[in-house]
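Novice:
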Amino acid sequence: MTTQFHEKTLSADALDQIFREARSYNGWLAKPVTEAQISAIYELMKMGPTSANMQPARIVWVKSADAKDRLAACASEGNRDKILTAPVTAVIGYDIDFHEELPWLFPHTDAKSWFDGDEEGRKEGAFRNSALQGAYLMIAARAIGLDCGPMSGFDAKKVEQEFFGDNPWHRVNFICSIGYGDPTSIFDRSPRPEFDTFNTLV
Numbered sequence: 007m008t009t010q011f012h013e014k015t016l017s018a019d020a021l022d023q024i025f026r027e028a029r030s031y032n033g034w035l036a037k038p039v040t041e042a043q044i045s046a047i048y049e050l051m052k053m054g055p056t057s058a059n060m061q062p063a064r065i066v067w068v069k070s071a072d073a074k075d076r077l078a079a080c081a082s083e084g085n086r087d088k089i090l091t092a093p094v095t096a097v098i099g100y101d102i103d104f105h106e107e108l109p110w111l112f113p114h115t116d117a118k119s120w121f122d123g124d125e126e127g128r129k130e131g132a133f134r135n136s137a138l139q140g141a142y143l144m145i146a147a148r149a150i151g152l153d154c155g156p157m158s159g160f161d162a163k164k165v166e167q168e169f170f171g172d173n174p175w176h177r178v179n180f181i182c183s184i185g186y187g188d189p190t191s192i193f194d195r196s197p198r199p200e201f202d203t204f205n206t207l208v
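Positions in the sequence shown are counted from 1; adding 6 to them yields this note's numbering.
1. Whole angstroms is fine: what's the gap from glycine 151's alpha carbon to glutamine 23's?
2. What do you reckon, are the CB atoms on glycine 185 and valine 97 nearer than 8 Å?
3. Go through the stretch 77-156 residue by residue and report every complete run of the beta strand (DSSP E) that reaches 3 residues or more, in order.
4. Please return the same chain residues whose Cβ sits closer than 8 Å to the Cβ of threonine 91, not counting the five positions on each side in sequence.
5. Buried or exposed for phenylalanine 11, please, with buried defined as at least 16 other CB atoms from any protein chain shown within 10 angstroms of its CB.
6. Taking all protein chains shown into account, do 16 or more other C-beta atoms lie within 10 angstroms of the C-beta of alanine 202, making it buried, or fewer, making it exposed?
7. Find the nearest neighbour of aspartate 19 within the set Glu49, Arg148, Ala79, judged by alpha-carbon distance.
8. Taking its Cβ as the centre, do 16 or more other Cβ atoms sit within 10 Å of leucine 207, making it buried, or is it exposed?
9. Once the 5 residues before and after tryptophan 110 are set aside, which same chain residues still bring their CB inside 7 Å of it?
10. Tell me the residue span of the alpha helix (DSSP H) that contains valine 165.
11. Mapping the DSSP letters down to three states, classify asparagine 179 as helix, strand or coil.
12. Please list, in chain order, all residues of the same chain as valine 165 whose beta carbon is under 6 Å from its beta carbon, the five residues on each side excluded.
13. Evaluate the contact criterion for the stretch 51-60 versus the stretch 134-142: three or more CB pairs, one atom per stretch, below 8 Å.
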């Protein structure tokens, strides 16, 4: 049962779809994900907030058989089939030189100058905010009726060579397979802690 805090609170069904009943899938039904669906995911995820609208995520959507083979070769053995059988897997990367785009992404002030000459600061900001964007991607995919299977378990250097090799300032954060999840591929849901377990209200 959902407590309605505001008239704009999403329905219980919507909250179930995005959060409460959503699962991380290990296998996939033989149903395609279209380019229109991929575009719809991006159009939603790009609206999520990032610091100074830096939008550092750089995403490669691995859809072809050749690209799946290349990505699977970079993954741990337990993750290879998850990639090969998924309709599409998003390689969520980030651009350490995201600040070059800030003059048009954040035109209110000279935000580019905040990051000039600070490569370590850019790495930290790009990693943090691309992780946010990866989470927005998953929420967007679930919102349009798809399922997700986020993964680490890969050789980052190999992934970067294969998919970001033309830009040395691009790094990989994590990968996420997307499709229609096979319900036989998941375990029972792991425990989720109550509020008081890991939260402090001061």
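Note that beta-carbon positions come from the ideal geometry of N, C-alpha and C, so glycine has one too. Treat the numbers as computed from the prediction; the structure is a model and nothing was measured.
Specialist: Answer, in terms of the structure:
1. 8 Å
2. no
3. 94-101
4. Gly33, Trp34
5. exposed
6. The amino acid at residue 202 is misidentified as alanine; the sequence shows aspartate. That one is exposed.
7. Arg148
8. exposed
9. none
10. 162-169
11. strand
12. Cys80, Val178
13. yes
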